[in-house]
Every structure is written in structure tokens, then in C-alpha cells.
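K.L.:
Handing you this structure, nothing more for now.
Structure (C-alpha cells):
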């Protein structure tokens, strides 16, 4: 039985908050019917989305990143949004190995799409970015209560 | 970190993400400069998390070592980081080895 729950976290766009966001969502996922492996995947997806907001959303002037995590019968929904620069060309940004930064691999969206069931992105220059990711839980009972993976 | 027979062994601990990637980058670059090691062994048994920011830091060191003709080996990765490394294609570039963790790194 999954009780509905929804948590909203607003945090400055600092790298140290990426791990904090992972922890919050991992804890929520651990209380749902996800396997340990699923939870690891959710952590990566959340990390990618929040890192994008931190690295690309605001440039040098920090802004606010909003994390919403909701648990319900359909599974887990995570929304990561910012009110920053926005993405000029979304199709291009979602292509694997595309990055505006030569030091980066451009794999954020690839991981989000592989590790979550659905990923929706809304963005426009100057209008911020909103990423909605969902994952269905398919096992019986929370991971923490079972033996083995 | 330890230098063994021309290879720099780095024992990594914790999470490798946007918050820690720069420190990893800086420390390994400094150790490679100092030791002039030819190969790089990254001991990963105590790495609990890697995302694409962490991968980028690893790839940067890989490029440097490869330019000098050396190899980068990933030692004892745990399942979750290993999946991320594999998905990014890094296992086509770097060998994964299992070694005794107490012997492996200094």
C-alpha cells in the first residue's frame, strides 16, 4: 500500500545540493515498491536533472532550484525546475553527447531517459526549465523490508 | 594514493558528482604531475555513487594518461557505479579489474 506523499524542496543552485536532492528522493523511493537497483537508478536521474539546473540554469549568479518528489499508486514523480536561462534548442540539448561545455560529456538526458520510465522537459530561453520524470514501482513491498535484491 | 611500478593507484571514496569532481580532478592531476606515472589505477570499491559529472572527471584523466601512451584501469567498481560506467561507454575504453582491495591501494 503506497501512501501518497509529496515533498517540495527549494535550494540554491549549489553543487553540494545535488547530493542532498538525491538523498531526499532516494529515501522516498526506498519507502515505495522499488528494488535497490531501481533506487540507484532514480538517484542518478535526479542527480543529472539537478546538476543541469546547477551548472546550466544560472551561470555564475546562483538561483533557486526546486525539487518536487511525489509518491503515489502510479509510482514516483520527480520534478526539477529552475527560473534560469532556459534551453535554446531542446532537441539539440537532448541528443546524447551534446554539451555546450567542452569539459562535459552531455549524457545527462541519456541517463534520465534510461533510468526513468518517462522524461518530459519544458524550457525556453529566459523562461527557465522544468523536467518531469516518472518511474513505476513494480515489486511487492519496499526494498528495505526484503532480503536480497 | 600510491605509486607502484610506474602506475599511480588512487583509492577513491564516497560519491563522485558535481560537488566532488573538481577535487578529484585537481588531486589526480597533481599526483600525475608529481609522480610522472604512466598508468592510472582507480580503486573504486568505496565509491558509492557516480553520475555524468563524475564520469567527465574520469574521462578527463583518461585523456591525459592516454595522450602519454598509458592505460587507465578501473579496479573493484561496485554494481551501481559500474552500470553508469558501462552505459556511458567507458568500459570500451578502460579495463575493469578485480583486485584485493587491501593490497590494491595505499
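Protein chains in written order, with the working numbering: chain P, 6 to 154; chain A, 75 to 180. Beta carbons are placed, not taken as given, at the ideal position from N, Cα and C, and that holds for glycine. Keep in mind the model is a prediction, meaning the values are calculated, not measured.
Can you list, in chain order, the residues of its chain whose CB lies under 7 Å from that of residue 110 of chain A, leaving out five sequence neighbours each side?
P.N.:
none
K.L.:
Are the C-beta atoms of residue 48 of chain P and some chain A residue less than 8 Å apart?
P.N.:
yes
K.L.:
Tell me whether the stretch 149-156 of chain A and the stretch 107-126 of chain A touch, counting them as touching only if at least three CB pairs, one residue from each stretch, are closer than 8 Å.
P.N.:
yes
K.L.:
Can you tell me which of P:89, P:30, P:32 and P:35 puts its alpha carbon nearest to the alpha carbon of residue 59 of chain P?
P.N.:
P:89
K.L.:
Quick one: what's residue 94 of chain A bridged to in DSSP?
P.N.:
None; residue 94 of chain A has no bridge partner.
K.L.:
What's the call for residue 42 of chain P, buried or exposed, on a 16-neighbour Cβ count within 10 Å?
P.N.:
exposed
K.L.:
Rank P:21, P:92, P:27 and P:25 by C-alpha distance to the C-alpha of residue 96 of chain A and give the top, closest one.
P.N.:
P:21
K.L.:
In whole angstroms, what is the alpha-carbon distance linking residue 30 of chain P and residue 139 of chain P?
P.N.:
12 Å
K.L.:
Mind pulling the beta strand (DSSP E) runs of 3 or more residues that sit fully within the stretch 62-90 of chain P?
P.N.:
69-77 and 80-87
K.L.:
Sort P:105, P:110, P:100 and P:36 by Cα distance to residue 75 of chain P and report the nearest one.
P.N.:
Of the candidates P:105, P:110, P:100 and P:36, the one whose C-alpha sits nearest the C-alpha of residue 75 of chain P is P:36.
K.L.:
Kindly list, in the order they appear in chain P, the residues whose Cβ is closer than 7 Å to that of residue 158 of chain A.
P.N.:
Simply 49.
K.L.:
On the three-pair Cβ rule with 8 Å, is the stretch 152-170 of chain A touching the stretch 106-126 of chain P?
P.N.:
yes
K.L.:
Are the beta-carbon atoms belonging to residue 93 of chain A and residue 23 of chain P less than 8 Å from one another?
P.N.:
Cβ atoms of residue 93 of chain A and residue 23 of chain P: closer than 8 Å.
K.L.:
Is there contact here, the stretch 60-67 of chain P with the stretch 78-86 of chain A, by at least three beta-carbon pairs under 8 Å?
P.N.:
Using a Cβ-Cβ distance cut-off of 8 Å, the stretch 60-67 of chain P and the stretch 78-86 of chain A are not in contact, since fewer than three pairs of beta carbons, one from each stretch, lie closer than that value.
K.L.:
In three-state DSSP terms, what is residue 22 of chain P?
P.N.:
helix
K.L.:
Does residue 161 of chain A have its Cβ less than 8 Å from a Cβ in chain P?
P.N.:
yes
K.L.:
So, using beta-carbon positions, are residue 82 of chain A and residue 105 of chain A closer together than 8 Å?
P.N.:
yes
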